[in-house]
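A.B. asks:
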Amino acid sequence: MTLSARIVEATGPDLVDINFGCPVKKVVCKGAGAGILKDLPKMVSLTKAVVDSVKIPVTVKTRLGWDHDSKNIVEVAERLQDVGIKALSIHGRTRAQMYKGEADWSLIAQVKNNPRMHIPIFGNGDIDTPQKALEYKNRYEVDGVMIGRAAIGYPWIFDEIKHYVKTGEIRKVPGIEERIIVIRKHLMHSLRWKGPKLGILEMRPHYANYLKGLSHIKEFRMQLVHADSLDQIESIFASMADYYTTLEIN
Ligand SMILES: Cc1cc2nc3c(=O)[nH]c(=O)nc-3n(C[C@H](O)[C@H](O)[C@H](O)COP(=O)(O)O)c2cc1C
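So the mapping is simple: the working numbering equals the position in the sequence shown, first residue as 1, plus 2.
#1: Say the cut is 7 Å; is the CB of G127 nearer than that to a heavy atom of ligand 1?
#2: Rounded to a whole number of angstroms, what is the C-alpha to C-alpha distance between W107 and V113?
#3: Give the DSSP bridge partners of V1, in chain order.
#4: Rank I129, L200, M190 by C-alpha distance to the C-alpha of E162 and give the top, closest one.
#5: Could you give the C-beta distance for I172 and P132, rounded to a whole number, given that I count them as a contact under 8 Å?
#6: Is N140 helix, strand or coil by DSSP?
#7: A98 to P207, Cα distance in whole Å?
#8: For ligand 1, I want to know if R151 counts as a neighbour, meaning its beta carbon is within less than 7 Å of at least one of the ligand's heavy atoms.
#9: Who does L268 pair with in a DSSP beta bridge?
#10: Measure the beta-carbon distance from K88 to V56 and round it to whole angstroms, keeping in mind my assumption that it falls under 8 Å.
#11: With 16 other CB atoms within 10 Å as the buried threshold, where does W2 fall?
#12: For ligand 1, is there a heavy atom less than 7 Å away from the beta-carbon of K102?
#13: Just grab the DSSP bridge partners of G146 for me.
#14: Expressed to the nearest angstrom, what Euclidean distance is found between the alpha-carbon atoms of I58 and V18?
#15: Quick check: the stretch 195-202 against the stretch 144-164, are at least 3 beta-carbon pairs closer than 8 Å?
#16: So V147 and I123 are in contact, right, with Cβ under 8 Å, and what is the actual spacing, rounded?
#17: Three-state secondary structure (DSSP) at V227?
#18: Assuming R181 contacts L213 (C-beta within less than 8 Å), just tell me the rounded distance between them.
#19: Assuming F222 contacts I235 under a Cβ cut-off of 8 Å, what Cβ separation, rounded to an integer in Å, is found between them?
#20: Pop quiz: Y246 and I178 are said to be a contact at Cβ under 8 Å. What is the actual Cβ separation, rounded to whole angstroms?
#21: Of the residues H218, M190, I219, I149, which one's Cα is nearest the Cα of L232?
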């Protein structure tokens, strides 16, 4: 971990964030990710070693605890703060919950309201609209909210939240041109990394999110998930751009 942190630091990031939240079986069974929540002394000494090995700030992301009977986040937060982390992000579920049920933000608030805590606390779990982001930030008094799944295929969520917090208004959904630019960029990366076949297949689940909120989109979306070449996809993009531009003019 300390060697990795030093390698990462050499590339010039603002901070190193340690992921102590990953619930995936092959990760936790090795004691990594959320698996470390079962061994608090190790979690603390590992974090201290990383903090001591780099000059940039070290932050941590974790969960409420391992399972329902071991929600030890209040103690975890204090001990990680004591070894020098500069911020803590908490996903309001245990490892046992994976992504099931609703995130419990009340324990996140408990960490934030602990008089011993002075580092910023970010809450995470189930935020998927600007209204919910603001409501949760205010209700649980966290320093910020983190977004996971709602950003997959919808990177505009961050601007929408910022706009809502600033003005109290919901920003207009992104237009077709903006969406096509982002989808194309994702598609190009996918093709480069995964090759012409898998690259196109792996894009398919993302179209629905990228095109969310556009009226009459179903037919185009169906065409996109059935297309199997870049040429076909580009021609669907062109028809979409034509269709929505005409719709806007009328
Ligand atoms: C596909 C996927 C990959 C993720 N990878 C990471 C990761 O690398 N590091 C991390 O701290 N959390 C990771 N998470 C967890 C999210 O950051 C977040 O804690 C979780 O999705 C709950 O927040 P949400 O309800 O906003 O999605 C991942 C989640 C998903 C769905």
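Even glycine gets a Cβ: it sits at the ideal position worked out from N, Cα and C. Here the structure is a predicted model, which is why all the values come from computation and not from measurement.
C.D. replies: Taking the definition as stated:
#1: yes
#2: 10 Å
#3: With the chain represented from 3 up to 252, any question about residue 1 goes unanswered, as that position is not in the structure.
#4: I129
#5: 6 Å
#6: helix
#7: 26 Å
#8: yes
#9: Residue 268 lies beyond the residue range present for the chain, which begins at 3 and ends at 252; the question has no answer from this structure.
#10: Going by Cβ atoms, the distance from K88 to V56 rounds to 11 Å, so no, they are not a contact pair.
#11: What the structure shows of the chain is the stretch from 3 to 252, and residue 2 is not part of that stretch, so it cannot be assessed.
#12: no
#13: F124
#14: 7 Å
#15: no
#16: So it is not a contact: roughly 11 Å between Cβ atoms.
#17: helix
#18: 6 Å
#19: Their Cβ separation, rounded to whole angstroms, is 11 Å, which puts F222 and I235 out of contact at 8 Å.
#20: 4 Å
#21: M190
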